[in-house]
Amino acid sequence: MGATTPLSLYEAEAGTPGGGAAVRSLTSAPTARYSGAALAASGHAYVHLGGTGRSVQWTNTAGQSISFIDVRAGVPDSVSGGVTESGAGSIWCGAEESWRP
């Protein structure tokens, strides 16, 4: 079975976008099976970080220290359909760089 572990969930779209970041949501029924990133996102919404300095922040309201963070990032396909790494960036927690592709 395993241990019972308390979990607090913070979705990106419920955070505070900064530096020009924008919440993107599925606003109409999909027209194709994979018609956009919002269709694949939990809750059908996400924060688009399309440039340097864009961010999303949350306030920890769990009443305890954060011991783990799970970040899911999507790198867009190129126009020809192949994966491009030009959209990938670093993840920072405060002043510490935590992840770089």
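According to our numbering, the sequence shown holds residues 1136 to 1236 in order. Virtual Cβ for every residue (Gly too), placed ideally from N, Cα, C.
TODO: Give me the Cβ distance between Ala1180 and Arg1159, rounded to the nearest whole Å; I'm assuming they're in contact under 8 Å.
DONE: Counting from 1 along the sequence shown, the entry for residue 1180 is found at position 45. Counting from 1 along the sequence shown, the entry for residue 1159 is found at position 24. Sure, about 7 Å apart at Cβ, within 8 Å.
Open item on the list: Could you pull the DSSP bridge partners for Arg1181 from this structure?
Closed with: Residue 1181 sits at position 46 when you count from the first residue of the sequence shown. For the sequence presented, residue 1181 should be read as Tyr rather than Arg. Its beta-bridge partners are Arg1159.
- [ ] Determine the closest residue to Thr1194 out of Glu1146, Thr1139, Gly1137 and Pro1141, with distance taken between C-alpha atoms.
- [x] Within the sequence shown, the letter at position 59 stands for residue 1194. Out of Glu1146, Thr1139, Gly1137 and Pro1141, Glu1146 has the C-alpha closest to the C-alpha of Thr1194.
Open item on the list: Would Gln1199 and Gly1150 be called neighbours here (beta carbons separated by less than 7 Å)?
Closed with: Here residue 1199 refers to the residue found at position 64 when the sequence shown is read from its first residue. Here residue 1150 refers to the residue found at position 15 when the sequence shown is read from its first residue. Cβ atoms of Gln1199 and Gly1150: not closer than 7 Å.
Task: In DSSP terms, what Val1206 is bridged to - done: As a working note, residue 1206 is residue 71 in the sequence shown. BP columns for Val1206 are empty, so no partner.
Open item on the list: Let me check understanding here. Comparing Cα to Cα, which of Ser1190, Ser1177, Gly1178 and Pro1141 lies closest to Pro1152?
Closed with: Looking up residue 1152 in the sequence shown gives position 17. That would be Ser1190, whose Cα lies nearest to the Cα of Pro1152.
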